[in-house]
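**Student:** Starting off with a structure, shown below.
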Amino acid sequence: MDKNYYITTPIYYPSANPHMGHAYSSIIADFFARFKKIDGYDVHFLTGTDEHGDKIVQAAEKEDTTPKAYADKISQLFQDLLPLLNVKNNRFIRTTDPDHIAVVKAMLSKIYDSGDIYFSSYEGLYCFGCERFYQERELVDGLCPDHGKAPETIKESNYFFKMSKYQEWLVDHITSNPDFIQPEQYRKELLSFLKEPLEDLCISRPKTRLTWGITLPFDEDYVTYVWFDALVNYISALGYPDDDRFKTFWPTARHFVAKDIIKPHGIYWPIMLKAAGLPIYNGLNVHGFWNVQGSKMSKSIGNVTDPVEVTGEYGVDAFRYFLMREMVFGLDANFTEDAIVARINSDLANDLGNLFSRVLSMNHRYFKGNVQGADPALDDQYSLEKDAAKAIDAFSEAMGLCRFHQGMTAVWEFISTMNKYIDTNEPWALAKDESKTSHLAAVLYQLMEGLRTVAGLISPVMPDTGLKITRALGLSVPEDGIFTLDTIRPWGQIPTGITLDKPAILFPRIDVKKEKAVQAPKTKPFKPALKEEITIDEFAKIDLRAGTVISAEKIEKSNKLLKLQVDLGAETRQIVAGIGKSYTPDQVVGKTVIVVANLKEAKLMGEVSQGMILAASRKKDLILSGFNGEPLPGNPVK
RNA sequence: GGCGAAGUAGCUCAGUUGGUUAGAGCAUGCGGCUCAUAUCCGCAGAGUCCGGGGUUCAAGUCCCUGCUUCGCUACCA
């Protein structure tokens with residue numbers, strides 16, 4: 001039976017330059033793809049850019065260029081990053097590629113014809129500045145967060161995708177395929193989300209608002225929007241529907257994504273596939289975020305966090321190793337230079353690099369570089385074959401469980417075993433005793449074989465280093481550069497009689513300045529983070545007044561809302577406030593508080609709220625604002 | 001508010017279906033070796049396994065409860 005595997009990264013949205021997160025997604029997917037290759041699979045590996053939508057249009061306008069020209073430019077940055085990261089993809093797809101556009105249209109037609117796309121109008125809060133709708137909860141004090149203006153209620157018609165129809169099916173699919181979403185916590189997160197009724201997905205934008213997109217095949221006046229366009233890339237890249245690649249690879253698809261986009265991938269995408277009558281992809285591997293130190297640090301430590309710079313500074317293999325080793329797959333991790341330097345010095349330079357160096361140096365010193373081979377009679381005493389096999393098995397097992405960092409530690413345990421083995425067998429002592437020459441030869445040969453195994457196992461994470469070691473051991477490298485696990489495993493492959501060069505340094509140690517420059521005084525960050533700066537003019541738009549609460553009652557169905565009548569001098573307002581956890585109605589009556597008086601009216605739990613009262617929030621407690629003196633209701637607050 | 005994840009040595013994390021004195025790596029201290037990139041090997045370290053209850057012959061591991069952090073979600077005005 002053929003072993004095929006299809007691996008994808010997310011397609012990146014080129015509204016900004018590539019950063020650590022992009023680099024990680026690409027590298028982990030590449031790492032996994034390379035592992036699957038050495039595990040004997042025929043792998044198809046896809047990455048690309050998602051180029052339609054508002055933000056691209058806006059970014060292009062800023063640079064006074066067209067969306068396509070802008071997308072070309074940024075997409076190129078993403079493409080250029082790949083070789084720097086040693087990522088080897090089979091295709092780089094762009095959602096502006098003609099074949100992709102054709103497939104999106106075909107997909108839309110298919111679902112439209114089957115009746116799962118319908119036309120409907122709805123009302124919403126629309127900001128003309130942003131040219132987009134806002135949910136109420138996205139607004140900041142009722143205003144558009146970008147423009148500080150109150151959005152207007154407008155009516156619009158659009159096409160909707162009947163996701164709700166497939167909710168039950170999806171829950172069942174996720175439940176009955178435990179491997180579908182990895183790791184487990186994200187599977188639970190999705191199932192928890194699916195406990196609530198799913199809303200249908202709006203999949204279009206009228207061309208009056210957005211033209212930079214793919215025109216709907218069934219309505220010339222609309223383009224399709226975001227996810228419906230983007231997700232389809234995974235099949236259009238395979239030449240859906242007719243290409244053999246689609247038939248071969250699609251059922252084996254494994255998507256790597258960051259945790260912020262599990263909903264589109266874990267919910268929209270399988271439902272889209274189901275609605276179109278296509279097989280569901282095999283699974284989703286969700287990873288966490290890299291917390292990158294934002295604050296400036298002293299020059300001596302440096303603060304290199306741009307993936308391109310990090311690669312330049314420490315080398316691509318070290319960077320890849322660090323990312324794979326340091327992050328527990330699925331969880332967040334910290335990226336600091338201290339951490340990467342520590343990994344390089346201890347794991348790469350001291351453990352692996354030095355092992356490689358001492359073994360080949362000894363072979364050079366004692367046998368002039370000539371490979372002696374091991375006397376089988378001494379195997380019982382010296383063989384490392386079982387330790388190597390154990391490493392291969394543990395590595396494979398961890399990889400199969402998405403425990404990538406454990407895959408690394410499995411290899412490093414073997415490296416440690418070999419360092420210990422040298423200490424135990426003391427080749428330098430064997431060298432002094434002429435009767436022990438065959439023992440010395442055996443020890444060195446076992447170690448070289450161990451290094452050969454290590455080279456194979458690290459080749460997915462550090463392709464260059466894997467090849468360096470392999471070549472240094474006098475082995476030829478297959479044309480595709482791939483040693484499969486099956487070809488790595490057999491013991492005793494290094495030919496005897498050949499002569500090896502003196503070893504090069506694989507990973508130079510990095511000097512750490514003993515006195516770490518005085519850490520910048522720890523400024524406590526605001527929690528929550530401070531909002532964007534505003535001008536006095538913007539602030540002046542908010543009309544704050546003193547208001548006296550004249551009555552208050554609890555809203556029955558709510559657990560925290562109080563309905564207040566507030567005297568503002570000129571008029572009495574009804575204000576719904578979420579302070580019911582901290583105050584009983586009795587406690588607020590008579591209090592004079594600060595009221596946002598020009599806030600657009602809103603409805604909460606069916607009750608009209610004409611303003612908002614200010615309160616400090618301390619943990620879960622709310623503390624009402626107040627005054628030192630006694631203002632009159634309606635007095636302005638500045 | 002609801003749902004979920006996490007809280008284990010200075011740091012990063014393991015701890016499987018509850019079972020002997022709670023582990024690893026890094027960092028620290030001491031000792032050893034000398035082939036090697038001042039590397040390697042060994043030894044040491046008194047961790048309230050977040051707190052408090054409970055089940056059990058036995059709990060980091062199960063149950064209840066509280067706290068902290070994070071994520072998703074909501075009636076966050």
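Numbering-wise, the numbering used here puts 212 at position 212 of the first sequence, and it's gapless, one number per residue. By construction, the Cβ of each residue, glycine as well, lies at the ideal position given by its N, Cα and C atoms.
Going by CA-CA distance only, name the one from His-44, Ser-75, Phe-45 that's closest to Ile-56.
**Tutor:** Counting from 1 along the first sequence, the entry for residue 56 is found at position 56. Answer by Cα proximity: Ser-75.
**Student:** Evaluate Ser-295 with the Cβ neighbour count: other Cβ atoms within 10 Å of its Cβ, from every protein chain shown; 16 or more gives buried, anything less gives exposed.
**Tutor:** As a position in the first sequence, residue 295 is number 295, starting the count at 1. In this prediction, Ser-295 has a pLDDT of 36, which is less than 50 and means its spatial position is unreliable; what the coordinates show is noted afterwards. It counts as exposed.
**Student:** Out of curiosity, what's the CA-to-CA distance linking Tyr-314 and Ile-117?
**Tutor:** As a first step, residue 314 must be located in the first sequence, where it is residue number 314. As a first step, residue 117 must be located in the first sequence, where it is residue number 117. Straight-line Cα distance between these residues: approximately 51 Å.
**Student:** Return the first residue and the last residue of the beta strand (DSSP E) that Ala-552 is part of.
**Tutor:** Residue 552 sits at position 552 when you count from the first residue of the first sequence. Taken as a continuous stretch (DSSP letters only), the beta strand (DSSP E) holding Ala-552 covers 544 to 554.
**Student:** For Val-549, which of Phe-539, Asp-543, Thr-572 has the nearest alpha-carbon?
**Tutor:** In the first sequence, counting from the first residue as 1, residue 549 sits at position 549. Looking at the Cα atoms, Thr-572 is the closest of the given residues.
**Student:** So, at 6 Å on beta carbons, what are the nonlocal neighbours of Lys-514 in its own chain, with the 5 sequence-adjacent residues on each side left out?
**Tutor:** Taking the first sequence and counting its residues from 1, one reaches residue 514 at position 514. Because Lys-514 carries a pLDDT of 42, less than 50, the predicted location of this residue cannot be relied on, and the following value inherits that uncertainty. So the list is empty, once near-sequence residues are dropped.
**Student:** State the Cα-Cα distance for the pair Lys-524 and Ile-11, rounded to the nearest angstrom.
**Tutor:** Taking the first sequence and counting its residues from 1, one reaches residue 524 at position 524. Taking the first sequence and counting its residues from 1, one reaches residue 11 at position 11. Residue placement at Lys-524 cannot be trusted, given a pLDDT of 41 that sits under 50; the coordinates are not used to answer.
**Student:** Less than 8 Å between the C-beta atoms of Ala-546 and Ile-594, yes or no?
**Tutor:** Here residue 546 refers to the residue found at position 546 when the first sequence is read from its first residue. Here residue 594 refers to the residue found at position 594 when the first sequence is read from its first residue. Yes, these two residues count as a Cβ contact at 8 Å.
**Student:** Is Ser-204 buried or exposed, if buried means 16 or more other CB atoms sit within 10 Å of its CB?
**Tutor:** The sequence position of residue 204 within the first sequence is 204, counting from 1. Per the 10 Å Cβ criterion, buried.
**Student:** Okay, do the segment 56 to 70 and the segment 274 to 292 touch, 3+ Cβ pairs below 8 Å being the bar?
**Tutor:** Touching, no.
**Student:** DSSP three-state call for Met-612: helix, strand or coil?
**Tutor:** Along the first sequence, read from residue 1 onward, the residue named residue 612 stands at position 612. Three-state result, Met-612: strand.
**Student:** Does the segment 444 to 464 come close enough to the segment 413 to 423 that 3 or more CB-CB pairs lie under 8 Å?
**Tutor:** Touching, yes.
**Student:** What residues are listed by DSSP as bridge partners for Thr-49?
**Tutor:** For the purposes of this step, residue 49 is taken as residue 49 along the first sequence, with counting starting at 1. Its beta-bridge partners are Tyr-12, Arg-94.
**Student:** Whose C-beta lies closer than 8 Å to the C-beta of Trp-250 among residues of the same chain, with five residues either side of it excluded?
**Tutor:** As a first step, residue 250 is located in the first sequence; it is residue number 250 there, counting from the start. So the list reads Tyr-6, Ile-235, Leu-238, Tyr-240, Leu-278, Pro-279, Tyr-281, once near-sequence residues are dropped.
**Student:** Going by C-alpha distance, which of Ala-616, Ile-575, Val-588 is nearest Ala-597?
**Tutor:** In the first sequence, counting from the first residue as 1, residue 597 sits at position 597. Answer by Cα proximity: Ile-575.
**Student:** Kindly give me the distance between the Cβ atoms of Pro-270 and His-173, rounded to whole angstroms, as I take these residues to be in contact under 8 Å.
**Tutor:** In the first sequence, residue 270 corresponds to position 270, counting from 1. In the first sequence, residue 173 corresponds to position 173, counting from 1. The Cβ separation is near 7 Å, so the contact holds.
**Student:** Per DSSP, what kind of secondary structure is Ser-120 in: helix, strand or coil?
**Tutor:** The residue you call residue 120 lines up with position 120 of the first sequence. Of the three classes helix, strand and coil, the one that applies to Ser-120 here is strand, per DSSP.
**Student:** Tell me, please, which residues DSSP counts as bridged to Arg-320.
**Tutor:** One-based indexing of the first sequence puts residue 320 at position 320. DSSP lists no partner for Arg-320.
**Student:** Rounded to whole angstroms, how far is the Cβ of Tyr-382 from the Cβ of Val-443, which I believe are closer than 8 Å?
**Tutor:** The sequence position of residue 382 within the first sequence is 382, counting from 1. The sequence position of residue 443 within the first sequence is 443, counting from 1. Correct: roughly 6 Å between the Cβ atoms.
**Student:** May I ask which residues mark the beginning and end of the beta strand (DSSP E) holding Asn-177?
**Tutor:** Position 177 of the first sequence holds residue 177. Unbroken run through Asn-177: none, as it is neither H nor E.
**Student:** Output needed for Leu-632: all residues of its chain with C-beta closer than 8 Å, excluding positions within five of it in sequence on either side, in chain order.
**Tutor:** Walking along the first sequence from the start, residue 632 turns up at place 632. Correct list, in chain order: Ala-546, Gly-569.
**Student:** Is it the case that the Cβ atoms of Leu-216 and Leu-77 are separated by a distance below 8 Å?
**Tutor:** Walking along the first sequence from the start, residue 216 turns up at place 216. Walking along the first sequence from the start, residue 77 turns up at place 77. No, the pair does not count as a contact, with Cβ atoms beyond the cut-off.
**Student:** So Asp-221 is in the beta strand (DSSP E); what residue range does that whole segment cover?
**Tutor:** Translated into positions along the first sequence, residue 221 becomes position 221. 219 to 224 is the span of the beta strand (DSSP E), which, as asked, contains Asp-221.
**Student:** I need the straight-line Cα distance from Gly-590 to Ile-542, nearest angstrom please.
**Tutor:** Indexing the first sequence from 1 puts residue 590 at position 590. Indexing the first sequence from 1 puts residue 542 at position 542. For Gly-590 and Ile-542, the distance between alpha carbons rounds to 24 Å.
**Student:** Under three-state DSSP, which class holds Ile-505?
**Tutor:** The residue labelled residue 505 in the question sits at position 505 within the first sequence. If DSSP states are grouped into helix, strand and coil, Ile-505 belongs with coil.
**Student:** For Gly-283, list the residues DSSP reports as bridge partners.
**Tutor:** Start at 1 with the first residue of the first sequence, and residue 283 comes out as number 283. Gly-283 is bridged to Arg-254.
**Student:** Apply the 10 Å Cβ neighbour rule to Glu-642 and answer buried if 16 or more other Cβ atoms are within range, or exposed otherwise.
**Tutor:** The requested residue 642 is not part of the displayed model; the chain covers only 1 to 638.
**Student:** Are the beta-carbon atoms of Phe-356 and Pro-460 separated by less than 8 Å?
**Tutor:** Position 356 of the first sequence holds residue 356. Position 460 of the first sequence holds residue 460. Result no, Cβ atoms of Phe-356 and Pro-460 do not sit closer than 8 Å.
**Student:** Identify, in the order they occur along the chain, each residue of the same chain with its Cβ nearer than 6 Å to the Cβ of Leu-331, setting aside the five sequence neighbours on each side.
**Tutor:** As a working note, residue 331 is residue 331 in the first sequence. Counting only Cβ-Cβ distances below 6 Å, and skipping sequence neighbours, we find Gly-288.
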